[in-house]
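These protein sequence lines are chains Y and V, in that order. Going from the first sequence to this note's numbering is simple: count from 1 and add 3. Going from the second sequence to this note's numbering is simple: count from 1 and add 320. Only one structure is covered here, and it is reproduced in the block below.
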Amino acid sequence: MAEGEEFGQSETTDSQAITIDGRYVINLAQRLPDFANVPAYGARDSMSPTTEMLALAPETFVPARANAASFIQIRSPYLLPVRSVSDVSGSVWILCDSPPGIPLTETSGWTEASVIDRVIVPLANVLHTYHEAGLTHRAIRPDNVFDPGGKSPACLGPALASPPAYYQPDRFEPLTSAICPPAARGNGSIADDVFSLGALAVWLLGGCEPYQKEASGVHLEDRIQKGSFAVLASQLSLSPDVLQLLAAMLSDNPTLRPTPRDLLNAAGHKGFVVRQSPVATAALLLGSARIRTGRALAWYAVHHRQEFVGLFVRGVVERWLSYELGLTQATSRLSQLPKDAALGESGNPASAAVFMEIIATIDPTMPLFWNGMWLWPDAMGQILTTYMSGSSGFPTDPTPIAFDLLRSGKIEKFAQITAIPGQAAACRLAQKAVHQVDVSKPTDVVRLPYILNPLQACLSPRCVSRRFSVPLALLQWLNTNPESAQGANATALLDIHMTSFLVMSAVRNRLIDHFTDLMIARNTWFLDLLLLAKLQHLYMTGMLAGIGRKLLPHLSPELKKWRSRSSRTERGERLATAATVGDLGLMYELLHDVQGLKQDQLAWSAAQQQTAQLENERTQLQHAKLELQPAVQNEMISLATAVGVVCAIGSLCAEMVF
Amino acid sequence: MAATTTKTQGKTASLSRWIQGLLCGAALAWMPGYALLVGVMMLPMIAVYMMDSRRGEASARMMMPYTFAALVHPFHQLWGADGTIDASVMILMNPVTCIIGWCAAGGGWFVLELALFGVKVLRQFQVKKRKREIEKSLKALAEEWDENAVTVDEAAPVAASS
Numbered sequence: 004m005a006e007g008e009e010f011g012q013s014e015t016t017d018s019q020a021i022t023i024d025g026r027y028v029i030n031l032a033q034r035l036p037d038f039a040n041v042p043a044y045g046a047r048d049s050m051s052p053t054t055e056m057l058a059l060a061p062e063t064f065v066p067a068r069a070n071a072a073s074f075i076q077i078r079s080p081y082l083l084p085v086r087s088v089s090d091v092s093g094s095v096w097i098l099c100d101s102p103p104g105i106p107l108t109e110t111s112g113w114t115e116a117s118v119i120d121r122v123i124v125p126l127a128n129v130l131h132t133y134h135e136a137g138l139t140h141r142a143i144r145p146d147n148v149f150d151p152g153g154k155s156p157a158c159l160g161p162a163l164a165s166p167p168a169y170y171q172p173d174r175f176e177p178l179t180s181a182i183c184p185p186a187a188r189g190n191g192s193i194a195d196d197v198f199s200l201g202a203l204a205v206w207l208l209g210g211c212e213p214y215q216k217e218a219s220g221v222h223l224e225d226r227i228q229k230g231s232f233a234v235l236a237s238q239l240s241l242s243p244d245v246l247q248l249l250a251a252m253l254s255d256n257p258t259l260r261p262t263p264r265d266l267l268n269a270a271g272h273k274g275f276v277v278r279q280s281p282v283a284t285a286a287l288l289l290g291s292a293r294i295r296t297g298r299a300l301a302w303y304a305v306h307h308r309q310e311f312v313g314l315f316v317r318g319v320v321e322r323w324l325s326y327e328l329g330l331t332q333a334t335s336r337l338s339q340l341p342k343d344a345a346l347g348e349s350g351n352p353a354s355a356a357v358f359m360e361i362i363a364t365i366d367p368t369m370p371l372f373w374n375g376m377w378l379w380p381d382a383m384g385q386i387l388t389t390y391m392s393g394s395s396g397f398p399t400d401p402t403p404i405a406f407d408l409l410r411s412g413k414i415e416k417f418a419q420i421t422a423i424p425g426q427a428a429a430c431r432l433a434q435k436a437v438h439q440v441d442v443s444k445p446t447d448v449v450r451l452p453y454i455l456n457p458l459q460a461c462l463s464p465r466c467v468s469r470r471f472s473v474p475l476a477l478l479q480w481l482n483t484n485p486e487s488a489q490g491a492n493a494t495a496l497l498d499i500h501m502t503s504f505l506v507m508s509a510v511r512n513r514l515i516d517h518f519t520d521l522m523i524a525r526n527t528w529f530l531d532l533l534l535l536a537k538l539q540h541l542y543m544t545g546m547l548a549g550i551g552r553k554l555l556p557h558l559s560p561e562l563k564k565w566r567s568r569s570s571r572t573e574r575g576e577r578l579a580t581a582a583t584v585g586d587l588g589l590m591y592e593l594l595h596d597v598q599g600l601k602q603d604q605l606a607w608s609a610a611q612q613q614t615a616q617l618e619n620e621r622t623q624l625q626h627a628k629l630e631l632q633p634a635v636q637n638e639m640i641s642l643a644t645a646v647g648v649v650c651a652i653g654s655l656c657a658e659m660v661f
Numbered sequence: 321m322a323a324t325t326t327k328t329q330g331k332t333a334s335l336s337r338w339i340q341g342l343l344c345g346a347a348l349a350w351m352p353g354y355a356l357l358v359g360v361m362m363l364p365m366i367a368v369y370m371m372d373s374r375r376g377e378a379s380a381r382m383m384m385p386y387t388f389a390a391l392v393h394p395f396h397q398l399w400g401a402d403g404t405i406d407a408s409v410m411i412l413m414n415p416v417t418c419i420i421g422w423c424a425a426g427g428g429w430f431v432l433e434l435a436l437f438g439v440k441v442l443r444q445f446q447v448k449k450r451k452r453e454i455e456k457s458l459k460a461l462a463e464e465w466d467e468n469a470v471t472v473d474e475a476a477p478v479a480a481s482s
């Protein structure tokens, strides 16, 4: 898990211990059993050695919650304190106190009074604090609530170590969340936490039966038909007050549940009035199902889409909603939608958008439905992260869902209709994120998890186990670790996940203004060099000789842009030197020397001309005639004549002398 | 105008022929010994003049100094013998005189051919030298601008060792 903690040496005393914030020492050798499904290690506070602490290491595919920093601010006597969330060691560590007792899964023998006094009221207190801070807990389940023993109130475990409601079993989740895959549940609202608390109370009063083997989705249809309270608590014999309280808490309509503030007074046995959602007297038949509520209609419409569309096109649905449930507003909204039989076909973005609108209009508290999947928009990042882990928990591939839904702006319709507070803002945030990270094709959606969750570790399959949530740690690993080298058939040093992670981190650290300033179009050895050189400069990492050496053998094609052999050799030598030193910036400059390349081009053109001239001359010489020109012949005749004249004079002189 | 010039030249040529003919006739008449000697010694020249249509006149003119060089001694001998025809025949009867005279003319011709041959050889040498230079330049250019030559792999050990 955290074996490769090379980064952050100042914070690290040795390879088996990491020091956080100068005082918390994590002992990597002391692996503890998972704490609320999160890997845990032993830790101690060097300023208070008696305090027992836990260090939680959220895994890459189930990262800590995006707004983890806000969670640290929450203090409550009934909440396990979180001391620190830190990524100075290169990966995220969450330090919290050890739980004060055993988890509720190991307890039994709860009475109504003890459940109200020791569980509902203290946890409602915590939820009230969360609500005041605008946060949700979304991890209220028996293994995350601890019983200190005696008559002490229970203590709620931390909420920030895993994605919201990710590990929540269906029975502890409201319908609007349970119908979504675990990754798609999102932050939800405080009403969802109230439901979880109610479900926890029902479970405690029901005898704390093991629920781990319960398959997900088994009770969903029952709950839709009869209501969650009826399914989960029907077999319990409870006092009327508690029955009312739990019925209100387990209401399927989030707007009808009590607030945490209401629950603070639960101990006073104040009566709770259970308000009922409208129920139709005449059932609507869809397939074999008899539907009496809007929620059930929305749920069955998805399962019997063709039949539903048949009824919708004929106007039956509108009339039923209007006459039976009195939903006139929804009816008028539905009447404005196009009534087209093509709505029955899934996979078509246009029909998916209209179908989404119909479902949201029928029950505005239901999650968004798009191409076979229920999801909350604020969970988009986690959906993609979980899908990348190879999870089979999704009914369809969520990549095109994210692309179609966010990029086309169709999510805006859902934002207008939904009745859940905060979802409209979440939709806008997701849409903004899509534009920020420039999602222009379906494969680009892998960038979204990083912008939507700053604590998302790098999702590259090569370093998933390392949990790198800091770019410097990833760079250091690439530089020093031989495992980081790609196979023989690799086309680049980095992959799309590493690239997105590094660029998004730079945006977050305000080193660049826009994602596109640094993002490279695709991963090739040369473009990776460009990105890494810029990062080396931005982060002032110092020399990265390891990366230089890994890149060097693959940069020959770039070097071949220089046509001159001598400049290629000279540049190759300088490149090799820069790589040995680890100066990626210089390496990039050497390969991206526009002026030099232009000169090389000019020199090449000149050389081509010269070659042509020389070849022309050679051809001329081969065909040149050796015949002498008359002028030369005359010259030679003159020369011979001159020689003759000299001979004649010599002869004359000789005759005169002898 | 051109016709006038040609006409004038033709007149001059025929006039010089006439003068040459008259001079030859006068020489034969007044100095038969000298004329005989000169005539015999100049036989090869005359033959060349008559047989070589291409550059006969130029060749003959070129041979003239050589023949003159060979003529100096026999002329001197004839002068010593008062230029009589007998003396002239006597001198000509000496085969050395004739051979030297005629060889001198041949020597002139040989010098000319030698010079022409030398020029040709020089020319050929220059061409070959230039061809070698061109080959060398082309090879250097091809090597310098070979697209698939040195790669970073080749360069790497150099830098590493340095």
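We put the CB at the ideal spot given by N, CA and C, even for glycine.
Residues near residue i in its chain [Cβ-Cβ closer than 6 Å; skip 5 each side]
{"i": "residue 254(Y)", "result": "260"}
{"i": "residue 184(Y)", "result": "396 and 397"}
{"i": "residue 420(V)", "result": "390"}
Under 7 Å by beta carbon: chain Y residues contacting residue i
{"i": "residue 457(V)", "result": "617"}
N- and C-terminal bounds of the alpha helix (DSSP H) containing residue i
{"i": "residue 356(Y)", "result": "352–365"}
{"i": "residue 614(Y)", "result": "597–625"}
{"i": "residue 245(Y)", "result": "243–252"}
{"i": "residue 257(Y)", "result": "Note, residue 257(Y): premise wrong, no alpha helix (DSSP H); not H, not E."}
{"i": "residue 206(Y)", "result": "193–208"}
{"i": "residue 405(V)", "result": "405–413"}
Where residue i falls: helix, strand or coil (DSSP)
{"i": "residue 497(Y)", "result": "coil"}
{"i": "residue 13(Y)", "result": "Unreliable positioning characterises residue 13(Y) in this predicted model, as indicated by a pLDDT of 41, which lies under 50. A coordinate reading is not provided."}
{"i": "residue 649(Y)", "result": "helix"}
{"i": "residue 88(Y)", "result": "strand"}
{"i": "residue 334(V)", "result": "helix"}
{"i": "residue 385(V)", "result": "helix"}
{"i": "residue 510(Y)", "result": "helix"}
{"i": "residue 452(V)", "result": "helix"}
{"i": "residue 174(Y)", "result": "helix"}
{"i": "residue 163(Y)", "result": "coil"}
{"i": "residue 372(Y)", "result": "strand"}
{"i": "residue 586(Y)", "result": "coil"}
{"i": "residue 442(Y)", "result": "coil"}
{"i": "residue 95(Y)", "result": "coil"}
Chain Y contact residues for residue i, given Cβ-Cβ distances below 9 Å
{"i": "residue 454(V)", "result": "617, 618, 620, 621 and 624"}
{"i": "residue 428(V)", "result": "643, 644, 646, 647 and 650"}
{"i": "residue 465(V)", "result": "566, 567, 568, 606, 607, 610, 611 and 614"}
Chain-ordered chain V contacts of residue i [CB-CB under 8 Å]
{"i": "residue 658(Y)", "result": "392, 393 and 396"}
{"i": "residue 627(Y)", "result": "447"}
{"i": "residue 634(Y)", "result": "Ordered by position in chain V, no residue passes the 8 Å Cβ test against residue 634(Y), which lies about 11 Å from the chain."}
Close beta carbons around residue i, own chain, < 8 Å, minus the five adjacent residues each side
{"i": "residue 276(Y)", "result": "247 and 251"}
{"i": "residue 115(Y)", "result": "208, 241, 242 and 245"}
Residues that residue i contacts on chain V, provided the C-beta gap is smaller than 7 Å
{"i": "residue 655(Y)", "result": "392"}
Limits of the beta strand (DSSP E) - the one that residue i falls within
{"i": "residue 27(Y)", "result": "27–38"}
{"i": "residue 51(Y)", "result": "51–59"}
Close Cβ partners of residue i (< 7 Å) along its chain, the five nearest in sequence each way excluded
{"i": "residue 46(Y)", "result": "27, 28, 29, 30, 56, 57, 58 and 98"}
{"i": "residue 364(Y)", "result": "333, 336, 337 and 420"}
{"i": "residue 407(V)", "result": "353, 398 and 401"}
{"i": "residue 577(Y)", "result": "593"}
Contacts of residue i in chain B (Cβ-Cβ under 8 Å)
{"i": "residue 401(V)", "result": "Going by chain labels, chain B is absent from the structure shown, which instead holds the protein chains Y and V."}
Partners in chain Y for residue i, counting only beta-carbon separations shorter than 8 Å
{"i": "residue 450(V)", "result": "620 and 624"}
Under 9 Å by beta carbon: chain V residues contacting residue i
{"i": "residue 455(Y)", "result": "What residue 455(Y) touches in chain V: nothing, since even the nearest Cβ is about 40 Å away."}
- Task: Return the residues of the stretch 363–386 of chain V that lie within a Cβ-Cβ distance of less than 8 Å from chain Y, sorted by chain order.
- Result: 375, 378, 379, 381, 382, 383, 384, 385 and 386
- the stretch 604–619 of chain Y: positions lying closer than 9 Å to chain V by Cβ: 606, 607, 610, 611, 613, 614, 617 and 618
- Using a Cβ-Cβ cut-off of less than 8 Å, list which residues of the stretch 549–573 of chain Y approach chain V; keep chain order. 555, 556, 558, 559, 562, 563, 566, 567, 568, 569, 571 and 572
- Query: Can you list, in chain order, the residues of the stretch 572–604 of chain Y whose Cβ is nearer than 7 Å to any Cβ on chain V?
  - Reply: 572, 575, 576, 578, 579, 580 and 583
- Query: Closer than 7 Å, Cβ to any Cβ of chain Y: which residues of the stretch 411–437 of chain V, in chain order?
  - Reply: 428, 431, 432, 435 and 436
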